[in-house]
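Chemist: Numbering (UniProt numbering), first residue to last: 1 to 215. Starting off with a structure, shown below.
Encoded structure:
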């Protein structure tokens, strides 16, 4: 048993180190079994107070084409807006158009929502408890997302964690509410498919840069 557990541990570490952000996908579909395995890995994530605040909307086929059109329209509105939704982040919007193309090409897109989300209007008069719960829920959802990316890696499936959906947040949220009412607050999109590229590892900060050891 100990040897088996060690193998699983090594496999997990390898998946962490080998995972890459994939932006070019083959048209080959993902099997239902593999897709369920990926989603179940997300469900297995730890969550604050075991709230399990995540919801996953799986988008494929015609619905995915519709979603990408909605996002593209939202991005174009953001470019032309006198008061953009994300005014200080406009320098990144070209990358958001690239993300639309990635979502269009990937066989599967998963929209990740916070079922307990209070919204992203930070002028909302939330109590300290509500704000802390919101932060903890987003942390929990991030753990679920990472689990799914690593499960995909183990299955030989590429993935991309996409936050560019926020550039078209009003439009995508409205579309999602029509398609899946009560899904919660949109947090991110994930693209899954068999990779058409094998990117090199990107530079990382060193342990010395990011860790402080206190005795």
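For every residue, glycine included, the Cβ atom is placed at its ideal position computed from N, Cα and C.
1. Quick check on this structure: which residue in 97, 130, 49 and 177 has the alpha carbon closest to the alpha carbon of residue 77?
2. Keeping to the same chain, check which residues put their C-beta closer than 8 Å to that of residue 155; ignore five residues upstream and five downstream.
3. Apart from the five residues just before and just after residue 81, which ones in its own chain have a Cβ nearer than 8 Å to its Cβ?
4. Between the C-alpha atoms of residue 7 and residue 149, what's the straight-line distance to the nearest angstrom?
5. Along the chain, which unbroken stretches of the alpha helix (DSSP H) at least 4 residues long are found entirely within the stretch 125 to 167?
6. If distances are taken between C-alpha atoms only, which option among 159, 105 and 198 comes closest to residue 62?
7. Buried or exposed: where does residue 182 fall if 16 or more other Cβ atoms within 10 Å of its Cβ makes it buried?
8. Let me know if residue 158 comes out buried or exposed under the rule of 16 or more other beta-carbons within 10 Å of its beta-carbon.
9. To the nearest angstrom, how far is it from the Cα of residue 201 to the Cα of residue 94?
10. Going straight from the alpha carbon of residue 66 to that of residue 14, what length do you get?
11. When burial is assigned at 16 or more other CB atoms within 10 Å of the CB, is residue 68 buried or exposed?
12. Which of helix, strand or coil does DSSP assign to residue 180?
13. Using 8 Å as the threshold, is the stretch 44 to 62 in touch with the stretch 157 to 173, meaning 3 or more CB pairs across them?
14. May I have a chain-ordered list of the beta strand (DSSP E) segments no shorter than 3 residues that lie completely inside the stretch 17 to 73?
15. List the whole-angstrom C-beta distance separating residue 110 from residue 189, where the pair is believed to meet the contact cut-off of C-beta under 8 Å.
16. Looking at C-alpha atoms only, which residue of 139, 164 and 177 is the closest neighbour of residue 50?
Modeler: Put simply:
1. 97
2. 34, 37 and 38
3. none
4. Note that residue 7 scores 49 on pLDDT, short of 50, meaning its location in the model is unreliable and no value can be drawn from it.
5. 128 to 154
6. 105
7. exposed
8. The residue is buried, with at least 16 neighbouring Cβ atoms inside 10 Å.
9. The alpha-carbon separation between residue 201 and residue 94 amounts to approximately 23 Å.
10. If you take the alpha carbons of residue 66 and residue 14, they lie about 36 Å apart.
11. Residue 68 counts as buried, since at least 16 other C-beta atoms from the protein chains shown sit within 10 angstroms of its C-beta.
12. The DSSP-derived three-state label of residue 180 is coil.
13. no
14. If one requires a minimum length of 3 residues, the beta strand (DSSP E) runs lying completely within the stretch 17 to 73 are 54 to 59, in chain order.
15. 7 Å
16. 139
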